[in-house]
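Visitor:
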Amino acid sequence: MTADRWVCLDIGETLIDETRVWSTWATVLGVTPLVLMATMGVEIAAGRSYDTALTRIDPSWHDRLEEKDAAYGGFRAEDLYPDALPALAAYRDAGLGVAVIGNQPPSRTAELRAIGVAPDVMAMSDELGVSKPDPAFFAAALEAMGGVPADRVTYVGDRVDNDVVAASAAGLRTVHLRRGPWGLLGPQADGRADGVVDGLLEVLDHL
(Lines of atoms letter the chains of each structure in order from A and count residues from 1; the text may use other names and numbers.)
(Lines give C-alpha, C1' and ligand atoms only; values in the text may rest on other atoms or scores of the structure.)
Protein backbone atom coordinates (compact mmCIF):
# COMPACT_ATOMS: atom_id res chain seq x y z
CA MET A 1 0.00 0.00 0.00
CA THR A 2 1.15 3.55 -0.75
CA ALA A 3 0.24 5.93 2.07
CA ASP A 4 1.68 9.26 3.11
CA ARG A 5 1.37 8.50 6.83
CA TRP A 6 1.23 5.29 8.81
CA VAL A 7 0.08 4.08 12.21
CA CYS A 8 2.05 1.10 13.50
CA LEU A 9 0.55 -0.75 16.45
CA ASP A 10 2.04 -2.88 19.18
CA ILE A 11 0.06 -6.04 20.02
CA GLY A 12 0.00 -7.06 23.69
CA GLU A 13 -2.07 -4.63 25.80
CA THR A 14 -2.56 -2.51 22.69
CA LEU A 15 -4.77 -4.70 20.51
CA ILE A 16 -4.87 -7.75 22.78
CA ASP A 17 -5.96 -7.84 26.42
CA GLU A 18 -3.42 -10.20 28.00
CA THR A 19 -5.49 -11.11 31.05
CA ARG A 20 -5.89 -14.67 29.76
CA VAL A 21 -2.13 -14.97 29.18
CA TRP A 22 -1.36 -14.23 32.80
CA SER A 23 -4.27 -16.26 34.16
CA THR A 24 -2.89 -19.20 32.20
CA TRP A 25 0.57 -18.62 33.66
CA ALA A 26 -0.94 -18.56 37.16
CA THR A 27 -2.60 -21.92 36.60
CA VAL A 28 0.58 -23.46 35.21
CA LEU A 29 2.64 -22.14 38.14
CA GLY A 30 0.07 -23.26 40.71
CA VAL A 31 -0.94 -19.89 42.13
CA THR A 32 -4.10 -17.83 41.88
CA PRO A 33 -4.36 -15.14 39.19
CA LEU A 34 -4.51 -12.56 42.01
CA VAL A 35 -1.14 -13.65 43.40
CA LEU A 36 0.58 -13.54 40.02
CA MET A 37 -0.95 -10.24 38.95
CA ALA A 38 -0.17 -8.57 42.29
CA THR A 39 3.43 -9.75 42.00
CA MET A 40 3.61 -8.44 38.45
CA GLY A 41 2.23 -5.10 39.57
CA VAL A 42 5.01 -4.72 42.13
CA GLU A 43 7.70 -5.51 39.56
CA ILE A 44 6.24 -3.35 36.78
CA ALA A 45 5.78 -0.36 39.10
CA ALA A 46 9.46 -0.71 40.00
CA GLY A 47 10.41 -0.63 36.33
CA ARG A 48 11.44 -4.28 36.21
CA SER A 49 10.55 -7.00 33.70
CA TYR A 50 7.67 -9.44 34.07
CA ASP A 51 10.38 -12.14 34.15
CA THR A 52 11.20 -11.11 37.70
CA ALA A 53 7.59 -11.67 38.79
CA LEU A 54 7.55 -15.17 37.32
CA THR A 55 10.93 -15.90 38.89
CA ARG A 56 9.67 -14.83 42.32
CA ILE A 57 6.97 -17.48 42.07
CA ASP A 58 8.94 -20.22 40.31
CA PRO A 59 12.63 -19.76 39.41
CA SER A 60 12.30 -22.57 36.86
CA TRP A 61 9.36 -20.99 35.00
CA HIS A 62 11.28 -21.09 31.71
CA ASP A 63 10.87 -24.87 31.80
CA ARG A 64 7.08 -24.43 31.73
CA LEU A 65 6.88 -22.32 28.56
CA GLU A 66 5.63 -25.12 26.32
CA GLU A 67 3.05 -26.12 28.93
CA LYS A 68 1.83 -22.52 29.15
CA ASP A 69 1.68 -22.12 25.37
CA ALA A 70 -0.34 -25.33 25.01
CA ALA A 71 -2.76 -24.28 27.74
CA TYR A 72 -3.14 -20.76 26.33
CA GLY A 73 -3.76 -21.92 22.77
CA GLY A 74 -3.30 -18.59 21.00
CA PHE A 75 -5.30 -15.40 20.53
CA ARG A 76 -9.11 -15.53 20.54
CA ALA A 77 -11.67 -12.95 19.46
CA GLU A 78 -12.59 -12.28 23.08
CA ASP A 79 -8.99 -11.24 23.77
CA LEU A 80 -9.28 -8.19 21.50
CA TYR A 81 -9.80 -4.89 23.25
CA PRO A 82 -13.25 -3.53 22.26
CA ASP A 83 -11.73 -0.57 20.40
CA ALA A 84 -9.19 -2.62 18.42
CA LEU A 85 -11.14 -3.36 15.24
CA PRO A 86 -13.06 -0.04 15.20
CA ALA A 87 -9.76 1.83 15.50
CA LEU A 88 -8.15 -0.08 12.64
CA ALA A 89 -11.16 0.79 10.46
CA ALA A 90 -11.02 4.45 11.53
CA TYR A 91 -7.32 4.70 10.67
CA ARG A 92 -7.96 3.27 7.24
CA ASP A 93 -10.93 5.61 6.69
CA ALA A 94 -8.59 8.50 7.52
CA GLY A 95 -6.30 7.45 4.68
CA LEU A 96 -3.55 6.09 6.90
CA GLY A 97 -1.45 3.04 6.24
CA VAL A 98 -1.94 0.55 9.07
CA ALA A 99 0.70 -1.83 10.38
CA VAL A 100 0.72 -4.26 13.30
CA ILE A 101 4.27 -5.13 14.31
CA GLY A 102 5.28 -6.31 17.79
CA ASN A 103 7.31 -8.70 19.89
CA GLN A 104 5.50 -11.97 19.21
CA PRO A 105 6.09 -15.42 17.69
CA PRO A 106 5.24 -16.01 14.00
CA SER A 107 2.04 -17.92 14.84
CA ARG A 108 0.39 -14.69 15.99
CA THR A 109 0.04 -13.42 12.42
CA ALA A 110 -2.45 -16.13 11.46
CA GLU A 111 -4.18 -15.91 14.83
CA LEU A 112 -4.73 -12.16 14.49
CA ARG A 113 -6.01 -12.45 10.94
CA ALA A 114 -8.41 -15.20 12.05
CA ILE A 115 -10.04 -12.84 14.57
CA GLY A 116 -10.44 -9.98 12.12
CA VAL A 117 -7.20 -8.00 12.47
CA ALA A 118 -6.37 -7.14 8.85
CA PRO A 119 -3.84 -4.30 8.59
CA ASP A 120 -1.91 -3.41 5.46
CA VAL A 121 1.27 -4.84 6.97
CA MET A 122 1.72 -7.34 9.79
CA ALA A 123 4.97 -8.81 11.09
CA MET A 124 6.19 -10.41 14.29
CA SER A 125 9.59 -9.90 15.89
CA ASP A 126 10.51 -13.56 15.49
CA GLU A 127 9.90 -13.20 11.75
CA LEU A 128 11.98 -10.02 11.59
CA GLY A 129 14.80 -11.62 13.56
CA VAL A 130 14.98 -8.77 16.06
CA SER A 131 12.88 -7.52 18.98
CA LYS A 132 12.07 -4.22 20.64
CA PRO A 133 13.73 -2.17 22.00
CA ASP A 134 16.57 -2.88 19.53
CA PRO A 135 16.72 -0.03 16.97
CA ALA A 136 17.03 -2.69 14.27
CA PHE A 137 13.45 -3.74 15.05
CA PHE A 138 12.15 -0.37 13.95
CA ALA A 139 14.39 -0.34 10.88
CA ALA A 140 12.93 -3.72 9.92
CA ALA A 141 9.40 -2.44 10.61
CA LEU A 142 9.93 0.55 8.31
CA GLU A 143 11.25 -1.78 5.63
CA ALA A 144 8.17 -3.99 6.01
CA MET A 145 6.05 -0.88 5.42
CA GLY A 146 7.79 -0.34 2.11
CA GLY A 147 10.67 1.81 3.28
CA VAL A 148 8.47 4.67 4.49
CA PRO A 149 10.44 7.49 6.22
CA ALA A 150 10.47 7.14 9.99
CA ASP A 151 8.90 10.55 10.59
CA ARG A 152 5.82 9.48 8.62
CA VAL A 153 5.08 6.66 11.06
CA THR A 154 3.47 6.88 14.50
CA TYR A 155 4.17 3.89 16.73
CA VAL A 156 1.47 3.17 19.31
CA GLY A 157 2.09 1.02 22.36
CA ASP A 158 1.57 0.61 26.08
CA ARG A 159 5.20 0.49 27.21
CA VAL A 160 7.32 3.60 27.54
CA ASP A 161 10.61 1.66 27.38
CA ASN A 162 9.87 -0.65 24.46
CA ASP A 163 7.42 1.50 22.52
CA VAL A 164 7.89 5.20 23.24
CA VAL A 165 11.57 5.67 24.02
CA ALA A 166 12.81 3.03 21.59
CA ALA A 167 10.62 4.13 18.67
CA SER A 168 11.42 7.81 19.26
CA ALA A 169 15.13 7.03 19.21
CA ALA A 170 14.62 5.38 15.82
CA GLY A 171 13.00 8.57 14.49
CA LEU A 172 9.34 7.50 14.62
CA ARG A 173 6.58 9.57 16.17
CA THR A 174 5.04 7.92 19.20
CA VAL A 175 1.79 7.67 21.12
CA HIS A 176 1.73 6.13 24.60
CA LEU A 177 -1.38 4.05 25.26
CA ARG A 178 -2.17 4.15 28.97
CA ARG A 179 -3.82 0.80 29.56
CA GLY A 180 -2.79 -2.55 30.88
CA PRO A 181 -0.27 -3.02 33.68
CA TRP A 182 2.68 -1.43 31.85
CA GLY A 183 0.67 1.48 30.56
CA LEU A 184 -0.84 2.31 33.94
CA LEU A 185 1.74 1.14 36.49
CA GLY A 186 5.00 1.38 34.59
CA PRO A 187 7.10 4.48 33.86
CA GLN A 188 5.04 7.22 32.20
CA ALA A 189 5.89 9.14 29.05
CA ASP A 190 6.43 12.47 30.85
CA GLY A 191 6.70 14.48 27.66
CA ARG A 192 8.66 11.86 25.74
CA ALA A 193 5.73 10.83 23.50
CA ASP A 194 4.01 12.88 20.81
CA GLY A 195 0.70 11.93 22.39
CA VAL A 196 -0.76 10.09 25.38
CA VAL A 197 -4.12 8.33 25.06
CA ASP A 198 -6.41 6.01 26.99
CA GLY A 199 -7.86 4.31 23.91
CA LEU A 200 -6.95 3.56 20.31
CA LEU A 201 -9.57 5.81 18.72
CA GLU A 202 -7.92 8.81 20.43
CA VAL A 203 -4.73 8.20 18.43
CA LEU A 204 -6.22 10.10 15.48
CA ASP A 205 -6.11 13.29 17.57
CA HIS A 206 -2.31 13.06 17.79
CA LEU A 207 -1.33 12.56 14.17
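The sequence shown begins at 1 in full-length UniProt numbering and counts up by one.
No residue lacks a Cβ here, since even glycine has one placed at the ideal position from N, Cα and C.
#1: At the level of alpha carbons, what is the spacing between S23 and K68?
#2: Taking the continuous alpha helix (DSSP H) assigned at G180, which residues delimit it?
#3: With distances taken Cα to Cα, identify the nearest neighbour of L142 among V98, G191, T19.
#4: Can you tell me the Cα-Cα spacing of S107 and A140, whole angstroms?
#5: Excluding the 5 residues preceding and the 5 following A45 in the sequence, name in chain order all residues of the same chain whose CB lies nearer than 8 angstroms to its CB.
#6: Is it buried or exposed for residue 229, if we count other Cβ within 10 angstroms and need 16 for buried?
#7: Return the chain-ordered ranges of every beta strand (DSSP E) run that is complete within the stretch 130 to 189 and spans a minimum of 3 residues.
#8: Buried or exposed for T2, please, with buried defined as at least 16 other CB atoms from any protein chain shown within 10 angstroms of its CB.
#9: Give the C-beta separation of V148 and P119 to the nearest angstrom, bearing in mind that I take them to be a contact with Cβ-Cβ under 8 angstroms.
#10: Taking the alpha helix (DSSP H) that V42 falls in, what are its first and last residues?
#11: Can you round the beta-carbon distance between residue 208 and G195 to whole angstroms, since I take them to be within the 8 angstroms contact cut?
Guide: Walking through what the data contain:
#1: For the purposes of this step, residue 23 is taken as residue 23 along the sequence shown, with counting starting at 1. For the purposes of this step, residue 68 is taken as residue 68 along the sequence shown, with counting starting at 1. Between S23 and K68, the C-alpha separation is close to 10 angstroms.
#2: Position 180 of the sequence shown, counted from the start, is the residue given in the question as residue 180. Per DSSP, G180 belongs to the alpha helix (DSSP H) from 180 to 185.
#3: Taking the first residue of the sequence shown as position 1, residue 142 is located at position 142. Checked all of V98, G191, T19; the closest Cα to L142 is V98.
#4: Working through the sequence shown from its first residue, we reach residue 107 at position 107. Working through the sequence shown from its first residue, we reach residue 140 at position 140. Going from the Cα of S107 to the Cα of A140 covers about 19 angstroms.
#5: Numbered from 1 along the sequence shown, position 45 holds the residue referred to as residue 45. Around A45: L185, G186.
#6: Residue 229 lies beyond the stretch modelled for the chain, which goes from 1 to 207, so this question has no answer here.
#7: Complete beta strand (DSSP E) runs here, min 3: 153 to 157, 173 to 177.
#8: As a first step, residue 2 is located in the sequence shown; it is residue number 2 there, counting from the start. It is exposed - the Cβ of T2 has fewer than 16 other Cβ atoms within 10 Å.
#9: Position 148 of the sequence shown, counted from the first residue, corresponds to residue 148. Position 119 of the sequence shown, counted from the first residue, corresponds to residue 119. No, V148 and P119 are not in contact; Cβ-Cβ is about 14 angstroms, not under 8 angstroms.
#10: On the sequence shown, position 42 is the one that residue 42 refers to. The continuous alpha helix (DSSP H) containing V42 extends over residues 33 to 45.
#11: Since the first residue of the chain shown is 1 and the last is 207, residue 208 is not available in this structure.
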